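Engineer:
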Amino acid sequence: MPARRLAPLVRPITLTLDGAPFRAEAGETVASALVAADRLVVARSPKLHRPRGPACMVGGCDGCLVRLDGVPNVMSCLVPAEDGMRVETQNVVGTRTTDLLRVTDWFFPHGIDHHHLLAGVPGLSTVMQGIARRVAGLGALPDAVGHPLASDARDVDALVVGSGPSGLAAASRLAARGADVLVVDDAPRPGGSLRALGAEASAAFHARHPVPPERVYLSTVAAGIYAPAPSRAPGRREVLLAAPTGAIVVRPRAIVLAPGAHDGAWLVPNADLPGVLSSRAAALLVAGGVTPGERVVVAGADAFTAGLAGRVEVERVRLEEVEAVLGSSRAGGVIVAGRGKLRADAVVHASPREPRFELFQQAGGAVRFDGRFLPEAALPDVHVAGEAAGVAFDLDALAESGVAAADRALAG
Ligand code: FES
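Under my numbering, the letters of the sequence shown match residues -12 to 399, in that order.
See the structure below:
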C-alpha cells in the first residue's frame, strides 16, 4: 500500500501525470489522487513561476489547476477521478519539478513588472512581449473547441447556496415546511466542511437534517446574483448558476447564503509551497483515506486538526512560533522560533478562516470589516447563515444558524 494511503484501494483506477501512470481510487478527487501518489507539484504560478500544488481541497486557492484531458485550468480538487484521465502540469518550461522560468525568482526577488519591461525599446519590446506572455500566462488553449452548453431558467421558493452544515440545516428546514428549495454547491459531493469530520459525523448530520438528493445540484457554481428583471419575474432576484449541463437562471423568492469560509492566509515565507495545506484540506484528505504526508507539522489548532493525530505522525507547534516554511519546490518542514528546523514532508496550518461574504455583497448587502468581513445588515430576501455570518465551526451552532436563516426566509 502506498505510504500516503490509509487503506488499500478498493476500486483502483489509473491516471497519468505528464504521461507517467499513477494509481487512484475511483471517485476520489484528482487532487487527492495526486497527493496520495506524492505528485505535489502540478503547476507553476504566472509570472514568478513558483511551484503550485493543492492547498485547500475546496476550490478556493487555485493551487491545484491542471490541464485535464486537454482542458486547461481545471480545479483538480473539484473533479472526481476516472480511469484513463490525462493530467498535465501547466505553465512549466522544462519539467514539473524543474521549471526553467523559475529563474525569474532569482533575478527579480522583489517581483517583476513584465508589462513595462523593455517597453518602448524598438525590436526588443516585441521580443519581450512574447516572453511576457509565456511567463505570465495561465494554461494553454484547449485541445478542441467546446460545444455550446444548454441554458435553462426556473422559479423556486428558496435557493440555498452551499451544502455545508448550515446550508443543509437550512435546506432541510425549508423542505420540511413544504418549500420548493434548491441547494447548489461547487463540490462534487454534498457536505462542505462537514466531510472533513469523517464519514460517521457526516452521516449523522445528514440523518438529522435530511435533504432530498434531487434538490441538491452539485458541481454547480452560484456565479452571480442580479437585480430583479421586471419583465420576467417581478420582485425576484436572478441567480446565475454555472452547472455541468450549462447555465441555469434561478429566480427564488428567498436566498439563503451558506457558502462557509475561506481558508485563512498564512503570512510566513514559503507558505505557498506545495505540501503546505490548510487544516480543513488536511482533514478532507484524511477523511478520504489519504494522509497529507508521512511526517506532518501541524501549526495551530482548530476543529480540523484534532482528527489528524492517530492517523499520521504529527508534530504540533503554535501557529505564531513558525517563522518560515522550509523548502524550494515543496515543503520540507518549518523553522520554529527558538527551536530551529523541524523537518517534515507536509505542513498543515490552522490559520483563522475568513467568512465568504462576496455573494452577499454582490447582492447589495453591506459588510463591515472587523478584523474580517461580515454582513452588517440583513437584506429582506437574502439571508446569511453559518461561517459566512461569522458563526464558529461548531456543528450545533452552524445548524442552528441555518435553521434560523430558513425561518427568516419562510417569514419573508
Ligand atoms: S483550489 Fe483546488 S486545492 Fe485549492
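Just so you know, even glycine gets a beta-carbon here, dropped at the ideal spot from N, CA and C.
All figures in this text were calculated on a predicted structure; none of them were measured in a lab.
Can we count residue 49 as close to the ligand SAM, meaning its CB is less than 7 Å from some heavy atom?
Structural biologist: Among the ligands present in this structure, namely the ligand FES, the ligand SAM is not found.
Engineer: Ignore the nearest five residues each way along the sequence and tell me which others in residue 166's own chain have a CB closer than 6 Å to its CB.
Structural biologist: Residue mapping note: residue 166 aligns to position 179 of the sequence shown, counting from 1. The residues are 144, 145.
Engineer: Starting from the N-terminal side, write out each stretch of the beta strand (DSSP E) that is 3 residues or longer and does not extend beyond the region 14 to 76.
Structural biologist: Fully enclosed beta strand (DSSP E) runs of 3 or longer: 52 to 55, 58 to 62, 73 to 75.
Engineer: Please report the Cβ distance between residue 279 and residue 335, rounded to the nearest whole angstrom; I am assuming they are in contact, meaning their Cβ atoms lie under 8 Å.
Structural biologist: Translated into the one-based positions of the sequence shown, residue 279 becomes position 292. Translated into the one-based positions of the sequence shown, residue 335 becomes position 348. At roughly 6 Å, the Cβ-Cβ gap stays under 8 Å, so residue 279 and residue 335 are in contact.
Engineer: In this structure, does DSSP put residue 271 in helix, strand or coil?
Structural biologist: Along the sequence shown, one-based indexing puts residue 271 at 284. Looking at residue 271 - three-state DSSP - the assignment turns out to be helix.
Engineer: State yes or no: is the C-beta of residue 41 nearer than 7 Å to some heavy atom of the ligand FES?
Structural biologist: The residue given as residue 41 occupies position 54 in the sequence shown. True, at least one ligand heavy atom lies under 7 Å from that Cβ.
Engineer: Could you give the first and the last residue of the continuous beta strand (DSSP E) run that contains residue 370?
Structural biologist: Along the sequence shown, one-based indexing puts residue 370 at 383. Per DSSP, residue 370 belongs to the beta strand (DSSP E) from 369 to 371.
Engineer: Which of the three DSSP states, helix, strand or coil, is assigned to residue 316?
Structural biologist: The residue given as residue 316 occupies position 329 in the sequence shown. Reduced to three states, the DSSP call for residue 316 is coil.
Engineer: Please list, in chain order, all residues of the same chain as residue 130 whose beta carbon is under 7 Å from its beta carbon, the five residues on each side excluded.
Structural biologist: What you label residue 130 is simply residue 143 of the sequence shown in a count that begins at 1. Taken in chain order, the residues that qualify are 57.
Engineer: Should residue 44 be counted as a contact of the ligand FES given a C-beta to heavy atom distance under 7 Å?
Structural biologist: Counting from 1 along the sequence shown, the entry for residue 44 is found at position 57. Yes, since a heavy atom of the ligand FES falls inside the 7 Å radius drawn around the Cβ of residue 44.
Engineer: Rounded to the nearest angstrom, what separates residue 30 and residue 342 at their Cα positions?
Structural biologist: Translated into the one-based positions of the sequence shown, residue 30 becomes position 43. Translated into the one-based positions of the sequence shown, residue 342 becomes position 355. Rounded to whole angstroms, residue 30 to residue 342 spans 28 Å at the Cα level.
Engineer: Taking only three categories from DSSP, how would you classify residue 380?
Structural biologist: The residue given as residue 380 occupies position 393 in the sequence shown. Residue state, collapsed to three classes: coil.
Engineer: What do you reckon, are the CB atoms on residue 304 and residue 323 nearer than 8 Å?
Structural biologist: Walking along the sequence shown from the start, residue 304 turns up at place 317. Walking along the sequence shown from the start, residue 323 turns up at place 336. Cβ atoms of residue 304 and residue 323: closer than 8 Å.
Engineer: List in chain order: all unbroken alpha helix (DSSP H) runs of 4+ residues lying wholly within the region 123 to 164.
Structural biologist: DSSP runs (the alpha helix (DSSP H)) wholly in the region 123 to 164: 152 to 163.
Engineer: Is any heavy atom of the ligand FES found at a distance shorter than 7 Å from the C-beta of residue 379?
Structural biologist: By one-based count along the sequence shown, residue 379 stands at place 392. For the ligand FES, not one heavy atom lies less than 7 Å from the Cβ of residue 379.
Engineer: Beta strand (DSSP E) containing residue 193: first to last residue?
Structural biologist: Residue mapping note: residue 193 aligns to position 206 of the sequence shown, counting from 1. Unbroken run through residue 193 is the alpha helix (DSSP H), 186 to 195; no beta strand (DSSP E).
Engineer: At a cut-off of 7 Å, is residue 62 close to the ligand FES when judged by its beta-carbon and the heavy atoms of the ligand?
Structural biologist: Translated into the one-based positions of the sequence shown, residue 62 becomes position 75. Within the cutoff, so yes.
Engineer: Label residue 34 either buried or exposed according to how many other C-beta atoms from any shown protein chain fall within 10 Å of its C-beta, with 16 as the threshold for buried.
Structural biologist: Looking up residue 34 in the sequence shown gives position 47. The residue is buried, with at least 16 neighbouring Cβ atoms inside 10 Å.
Engineer: Could you say if the region 160 to 176 and the region 368 to 380 meet the contact criterion of at least three C-beta pairs nearer than 8 Å?
Structural biologist: Touching, no.
Engineer: Are residue 45 and residue 272 close, meaning C-beta to C-beta below 8 Å?
Structural biologist: By one-based count along the sequence shown, residue 45 stands at place 58. By one-based count along the sequence shown, residue 272 stands at place 285. Cβ distance not < 8 Å, so residue 45 and residue 272 don't count as in contact.
Engineer: Thinking just about the alpha-carbon of each residue, which of 55, 64, 394, 249 is nearest to the one in residue 242?
Structural biologist: Here residue 242 is taken as the residue at index 255 of the sequence shown, counted from 1. Closest option to residue 242, Cα to Cα, is 394.
Engineer: Using alpha carbons as the reference points, say which of 192, 232, 148 lies closest to residue 137.
Structural biologist: Taking the first residue of the sequence shown as position 1, residue 137 is located at position 150. Looking at the Cα atoms, 232 is the closest of the given residues.
Engineer: Leaving aside the five residues before and after residue 224 along the sequence, list all residues of the same chain whose C-beta is less than 8 Å from its C-beta, in chain order.
Structural biologist: Along the sequence shown, one-based indexing puts residue 224 at 237. The answer, listed in chain order, is 212, 213, 214, 215, 238, 239, 242, 350, 368, 369.
Engineer: Looking only at DSSP bridge pairs, what is residue -1 linked to?
Structural biologist: As a working mapping, residue -1 is identified with position 12 in the sequence shown. In DSSP, residue -1 forms a bridge with 12.
Engineer: Nearest to residue 15 by CA position, among 377, 65, 205, is which residue?
Structural biologist: Position 28 of the sequence shown, counted from the start, is the residue given in the question as residue 15. Checked all of 377, 65, 205; the closest Cα to residue 15 is 65.
Engineer: Since I believe residue 287 is in contact with residue 337 (beta carbons under 8 Å), could you give me their beta-carbon distance rounded to a whole number of angstroms?
Structural biologist: By 1-based counting over the sequence shown, the position of residue 337 is 350. By 1-based counting over the sequence shown, the position of residue 287 is 300. Indeed they touch by this definition, with Cβ atoms about 3 Å apart.
Engineer: With distance defined between alpha-carbon atoms, name the residue in 365, 84, 344, 41 nearest to residue 5.
Structural biologist: On the sequence shown, position 18 is the one that residue 5 refers to. Per the Cα distances, 84.
Engineer: Buried or exposed for residue 108, going by 16 or more other Cβ atoms inside 10 Å?
Structural biologist: The count along the sequence shown starts at 1 and reaches residue 108 at position 121. The residue is exposed, with fewer than 16 neighbouring Cβ atoms inside 10 Å.
Engineer: Whose C-beta lies closer than 7 Å to the C-beta of residue 18 among residues of the same chain, with five residues either side of it excluded?
Structural biologist: In the sequence shown, residue 18 corresponds to position 31, counting from 1. Only 41, 44, 51, 63, 64 meet the Cβ criterion.
Engineer: Does the separation of the CB atoms of residue 132 and residue 147 fall below 8 Å?
Structural biologist: One-based indexing of the sequence shown puts residue 132 at position 145. One-based indexing of the sequence shown puts residue 147 at position 160. No. Outside cutoff.
Engineer: Quick check on residue 342: does DSSP put it in helix, strand or coil?
Structural biologist: By one-based count along the sequence shown, residue 342 stands at place 355. Three-state result, residue 342: strand.
Engineer: Would you say the beta carbon of residue 18 is closer than 7 Å to some non-hydrogen atom of the ligand FES?
Structural biologist: Counted from its first residue, the sequence shown places residue 18 at position 31. Yes, since a heavy atom of the ligand FES falls inside the 7 Å radius drawn around the Cβ of residue 18.
Engineer: Less than 8 Å separating the beta-carbons of residue 54 and residue 3?
Structural biologist: Numbered from 1 along the sequence shown, position 67 holds the residue referred to as residue 54. Numbered from 1 along the sequence shown, position 16 holds the residue referred to as residue 3. Cβ distance not < 8 Å, so residue 54 and residue 3 don't count as in contact.
Engineer: Return the bridge partner residues of residue 412 from the DSSP annotation.
Structural biologist: There is simply no residue 412 to check, as the chain begins at -12 and stops at 399 in what is shown.
Engineer: Terminal residues of the continuous beta strand (DSSP E) containing residue 211?
Structural biologist: Along the sequence shown, one-based indexing puts residue 211 at 224. 208 to 213 is the extent of the beta strand (DSSP E) around residue 211.
Engineer: Over the uninterrupted beta strand (DSSP E) stretch that includes residue 265, give me the two end residues.
Structural biologist: Numbered from 1 along the sequence shown, position 278 holds the residue referred to as residue 265. Note, residue 265: beta strand (DSSP E), 263 to 265.
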